[in-house]
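Asks:
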Amino acid sequence: MELGRRVLKQQEAAYEKEEDQYAEEMERLETLPKAFEEDTWTWEDLEWIVRWKMTGSPFVGKVLDDFNSNDETFVTSQIEKSVAASSPGEKLSYLIEISGVAERMGSAFLLFMNPDRFTVLDWKAWSVLHESGYLPDEMPDDPSVDDYLVYLGSCWAIANEYDVSLRTLDMALWALGGDE
Numbered sequence: 015m016e017l018g019r020r021v022l023k024q025q026e027a028a029y030e031k032e033e034d035q036y037a038e039e040m041e042r043l044e045t046l047p048k049a050f051e052e053d054t055w056t057w058e059d060l061e062w063i064v065r066w067k068m069t070g071s072p073f074v075g076k077v078l079d080d081f082n083s084n085d086e087t088f089v090t091s092q093i094e095k096s097v098a099a100s101s102p103g104e105k106l107s108y109l110i111e112i113s114g115v116a117e118r119m120g121s122a123f124l125l126f127m128n129p130d131r132f133t134v135l136d137w138k139a140w141s142v143l144h145e146s147g148y149l150p151d152e153m154p155d156d157p158s159v160d161d162y163l164v165y166l167g168s169c170w171a172i173a174n175e176y177d178v179s180l181r182t183l184d185m186a187l188w189a190l191g192g193d194e
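Each residue of the sequence shown is one higher than the last, beginning at 15 in our numbering.
#1: Are the Cβ atoms of D184 and A139 separated by less than 8 Å?
#2: Which parts of the segment 109 to 151 are runs of the beta strand (DSSP E), unbroken and 3 residues or longer, counting only runs that do not cross its ends?
#3: Mapping DSSP to helix, strand and coil, what is S158?
#4: Can you look up M202 in the DSSP assignment and give me helix, strand or coil?
#5: Comparing alpha-carbon positions, which option in G114, S107, S101 and L43 lies nearest N84?
#6: Within the same chain, show all residues whose beta-carbon is closer than 8 Å to that of L149, passing over the 5 residues directly before and after it, in chain order.
#7: Please state whether DSSP places F73 in a helix, a strand or coil.
#8: Do three or more CB pairs link the segment 33 to 42 to the segment 88 to 99 at distances below 8 Å?
#9: Is the CB-CB distance between R19 and D177 below 8 Å?
#10: Which residue from S121, L125, F73 and N174 puts its Cα closest to that of M40?
#11: On the CB-based measure, 16 or more other CB atoms within 10 Å of its CB, does G120 come out buried or exposed?
#12: Could you compute how far the alpha carbon of L60 sits from the alpha carbon of F123?
#13: T54 by DSSP, collapsed to three states: which one?
#14: Under 6 Å Cβ to Cβ from K67, same chain only, skipping five residues before and after it: list those, please.
#15: F73: buried (16+ other C-beta within 10 angstroms of its C-beta) or exposed?
#16: What is the DSSP secondary structure of M153, counted as helix, strand or coil?
#17: Where G147 and T87 are concerned, what is the direct C-alpha to C-alpha distance, given to the nearest angstrom?
#18: Compute the distance between the beta-carbons of S107 and V159, then report whether it is under 8 Å.
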């Protein structure tokens, strides 16, 4: 599969048509970065991110239960540390200390913290990048922070190469990944 600006823009439109939560996602992408920056986010915002990332998964209830078992003070502290951290790896490392938040979920939190800098680690998107030759290996079953950094670096390079936003790239890769 060959990627290009035209393909990515077409697939971004396909994502909009396929994704039931598209309107709310766009609204949250507008409001949540400021909420995280100003420390005005709510627990409901965090639960929404978990549900959004787990859309269609039979495990959403289990992950939400794990997430909701966290002490709110601890979660607040981890999010504050993540927002303040300078490196992507450090930001993600703080988030994955929260129960129910592994690397893929943490990347969703990062997206809503700063959609201009972060993208979501997703097996569908990773598969497209692997099949297109941008990533040498298939996504590991349990990706690490380092795996996310490799993925994110590839996404930054591709977005720059085709002059699209990370969010456009992310939506296009998800749509190109199909329903498998």
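Note that CB positions come from ideal geometry on N, CA and C, so glycine has one too.
Replies: Per the coordinate set shown:
#1: yes
#2: none
#3: coil
#4: In the structure displayed, the chain extends from 15 to 194; residue 202 sits before or after that span and is not available.
#5: G114
#6: W140, L143, V164, Y165 and S168
#7: coil
#8: no
#9: yes
#10: L125
#11: buried
#12: 8 Å
#13: coil
#14: M119 and A122
#15: exposed
#16: coil
#17: 43 Å
#18: yes
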